[in-house]
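Structure, as C-alpha cells:
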Amino acid sequence: MREIDPKQTKRAAATIWMQAPMPMVTLFKTLDVTNLVRQSRKHRESFNLLLCWCIGQAAAQMEDFYLLPVENRLMQFDQLAVNIVVANQNSDINTCDVPVSDDFGQFRRDYLELTRQVWEQCENFDLGDDYMVIGTSAITECDIDGAVNIYAGFYNNPFMTWGKYRKQWRKVTLPMSFQFHHTQMDGREAGVFLNRLQTEINRLRL
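Numbering that gives the first Met the number 0 applies: residue 0 is where the sequence shown begins, and numbers increase by one.
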C-alpha cells in the first residue's frame with residue numbers, strides 16, 4: 000500500500016467524497032448463478048468458494064479496485080483479497096482474508112486452508128495493509144435481497160452481501176448488494192463490475 004496523489008488518477012474529481020459524512024453507495028442486483036450451482040454440485044465444491052473466486056476475478060480486471068481512501072488519503076494497492084465471514088467451532092464468527100489469484104487451484108487451496116485455520120483457532124486472519132480487501136457476507140439462512148453495511152466512512156472497503164439463492168424452474172438466481180466508497184468508483188464502474196461478475200459466473204468451468 001502506498002499513498003498517491005489523487006490528481007494523478009482518474010478519480011481526482013471524486014476526492015470530494017472523502018470528506019462526505021456518508022460517502023458509501025450501495026447497488027442491488029440479481030445474478031443468474033445457475034452455472035455456479037451446477038459446477039458446485041458436479042465437482043462437489045463450495046458454492047461460496049466459487050462465488051468468491053468469481054468476485055476476485057471480476058475485481059482484478061478493474062483498476063478501480065486497486066485504489067481506496069484511507070484516513071483522507073488515497074492509497075494504491077498491488078494485490079487484492081476477498082474477506083469471508085467464517086462460523087467458527089465455538090458457534091461464533093471470525094473473518095478471513097483470502098488472496099485473489101489468477102490460478103483457481105491456488106485460490107482454492109488458500110480458501111480451504113485459511114478458513115479451516117480460522118474455524119479451528121477462532122481468530123481473525125488478516126493479510127495486512129498490502130491488500131485491498133473486498134468484504135463479503137453470506138447470510139444463507141435468510142432469503143434477503145441485500146444489505147447496507149456501515150455507512151459513515153468508518154469502513155471504506157467494498158462490501159458484498161447475499162443470502163439464499165432462489166430456484167426458479169431451470170434457473171437459479173441470487174440477489175446481491177454491492178457497497179462501495181464513492182471516491183473509489185462511480186455507479187457506472189460499479190455496474191461494470193457487477194456485469195463482469197455475471198460474466199465470470201457464466202464462464203466458470205472446473
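Using N, Cα and C, we set each Cβ at its ideal position, and we do this for glycine too. In this text the structure is predicted, and so the values were computed from the model without any measurement.
Tell me which residue opens and which closes the alpha helix (DSSP H) that alanine 59 is part of. That run of the alpha helix (DSSP H) goes 46 to 59.
Enclosing beta strand (DSSP E) for isoleucine 133 [first to last residue] | Under the DSSP assignment, isoleucine 133 falls in the beta strand (DSSP E) whose first and last residues are 130 to 137.
Roughly how many angstroms separate the alpha carbons of methionine 23 and glutamine 183, rounded to a whole number?
Approximately 10 Å, taken between the alpha carbons.
Cut-off 7 Å between Cβ atoms - residues of its own chain near proline 98, not counting five sequence neighbours on either side
Excluding positions up to five away in sequence, the list reads Gln78, Ala80, Asp109, Leu126, Tyr130.
Does the separation of the CB atoms of leucine 193 and tryptophan 52 fall below 9 Å? No, the pair does not count as a contact, with Cβ atoms beyond the cut-off.
Q.
I'd like the ranges of any alpha helix (DSSP H) spanning at least 4 consecutive residues and lying wholly in the region 73 to 136.
A. Entirely contained in the region 73 to 136, the alpha helix (DSSP H) runs reaching 4 residues are, in chain order, 103 to 120.
Please check the pair asparagine 34 and isoleucine 200, which I expect to be a contact at CB under 8 Å, by giving their CB distance rounded to whole angstroms. With a Cβ gap of about 6 Å, asparagine 34 and isoleucine 200 count as contacting.
What does a CB cutoff of less than 8 Å around arginine 72 pick up in its chain, not counting 5 residues either side in sequence?
Cβ neighbours of arginine 72 beyond the five flanking positions: Glu2.
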